[in-house]
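With the numbering used here applied, the sequence shown covers 23 to 274.
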Amino acid sequence: ASHSGGGMCIYYGSSPTLNYVTIDSNIAVRVGGGINLAFSSSPSIRNTTIKNNTAATELGGGIATYSNCNPILENVLILNNSAANFGGGLSFEAEDTPILNNVLISDNNNGGIRCSGSSNAVLNNVTITNNTGQSGVSITWSNPTITNSIIYNNSPLQIDVREGIVNPVVSNSIIQGGYDGTGNIDLDPLLTNPALGDFRLSDYSPAIGAGTMTNALDTDLEGNPRPNPAGSNPDMGAYENSLADPLHNSFI
23 ASHSGGGMCI YYGSSPTLNY VTIDSNIAVR VGGGINLAFS SSPSIRNTTI
73 KNNTAATELG GGIATYSNCN PILENVLILN NSAANFGGGL SFEAEDTPIL
123 NNVLISDNNN GGIRCSGSSN AVLNNVTITN NTGQSGVSIT WSNPTITNSI
173 IYNNSPLQID VREGIVNPVV SNSIIQGGYD GTGNIDLDPL LTNPALGDFR
223 LSDYSPAIGA GTMTNALDTD LEGNPRPNPA GSNPDMGAYE NSLADPLHNS
273 FI
């Protein structure tokens, strides 16, 4: 185990590109079980899996950032990580502005994402589900923007506005229990088989075609075209279904 950054430390303006990397089963004594970013470091992390990592005494089981870090996470899986306090999956703070595109954050212990200290994260087509111990998204003195995303089945809360001057902007997303914002819906996303780790949208999912084309992404987490089919609206969440609209169960 290392003091911070169990798998990798990226500090002092270093901004490497990580592509097709797996960061698995590392331990940090304090922060960043998988990766710790600090002091204006802004890597590009793509097509990567960060799983089974632990921040043993503090924050950010998968990734922890601190002080003007602006990483881009695209097509990334954040799975089964753990933190002693907050941010079992990810912890952002101190004026960080991470961008998350097509990211699955599931089954992390002590929360999916922690946003604190003017860390204004941007989440596009992110699925946050099955995280426990803290909320799906915990917000303190920060203003994340969440679009075309799914936040569902996290315990105890989906979005927990904890303290401070907070004005998250949430739109065109499924939020269990509801959340103010344009195009948000409170419905079961009908994921294919979460118990077996399949978080794709079933053909009956209300997330199909319910996203916005504003700043829409071109592909999904698996590289499939988004929107699909062409000319339809994009889906909510990290995965794009092949239908333009959900199927409907009919009972006679």
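Beta carbons are placed, not taken as given, at the ideal position from N, Cα and C, and that holds for glycine.
**Item:** Top-ranked residue by Cα proximity to Cys194, from Phe114, Pro228, Asp242
**Value:** The identity of residue 194 in the sequence shown is Asn, whereas the question assumes Cys. Out of Phe114, Pro228, Asp242, Pro228 has the C-alpha closest to the C-alpha of Asn194.
**Item:** Opening and closing residue of the beta strand (DSSP E) in which Gly226 lies
**Value:** The question names Gly, but residue 226 in the sequence shown is Tyr. No beta strand (DSSP E) holds Tyr226; DSSP gives it neither H nor E.
**Nearest neighbour of Arg222, chosen from Met258, Asn206, Leu145 [CA to CA]** = Measuring from the Cα of Arg222, the nearest candidate turns out to be Met258.
**Per-residue DSSP class, three states only, for Leu218** = Helix, per DSSP.
**Item:** Backbone secondary structure at Pro247 - three-state DSSP
**Value:** Pro247 sits in a strand when the DSSP states are folded into three classes.
**Item:** Cutoff 7 Å; reference Ile274; Cβ partners in own chain excluding five residues on either side
**Value:** Interpretation of Ile274 is limited by its pLDDT of 49, a score under 50 that renders its predicted location unreliable; the figure taken from the coordinates is listed afterwards. Answer for Ile274: no residue qualifies.
**Opposing strand residues paired with Ile196 [DSSP bridges]** = DSSP lists Ile172, Ile207 as partners of Ile196.
**Request:** For Ser47, I'd like the list of residues in its chain whose CB is within less than 6 Å of its CB, leaving aside the five on either flank, ordered along the chain.
**Result:** Excluding positions up to five away in sequence, the list reads Asn74.
**Asked** Any contact of the segment 76 to 84 with the segment 233 to 244, i.e. 3+ C-beta pairs under 8 Å?
**Response** No: fewer than three Cβ pairs fall under 8 Å.
**Asked** For the ligand ZN, is there a heavy atom less than 7 Å away from the beta-carbon of Ile161?
**Response** As far as ligands go, the structure on display features none, and thus does not contain the ligand ZN.
**Request:** For Asn123, name the three-state secondary structure that DSSP assigns.
**Result:** Note: Asn123 maps to strand in three-state DSSP.
**Prompt:** Considering only residues of the same chain and omitting the five flanking positions on each side of Pro120, which have a CB-CB separation below 6 Å?
**Reply:** Counting only Cβ-Cβ distances below 6 Å, and skipping sequence neighbours, we find Pro93, Phe114, Ala143.
**CA-to-CA distance, Thr162 to Ile49, given in whole angstroms** = A straight-line Cα-Cα distance of about 26 Å links Ile49 and Thr162.
**For Met30, three-class secondary structure by DSSP** = Reduced to three states, the DSSP call for Met30 is strand.
**Prompt:** Within 10 angstroms of its Cβ, does Leu59 collect 16 or more other Cβ (buried), or is it exposed?
**Reply:** Here Leu59 is buried. Its C-beta has 16 or more other C-beta atoms within 10 Å.
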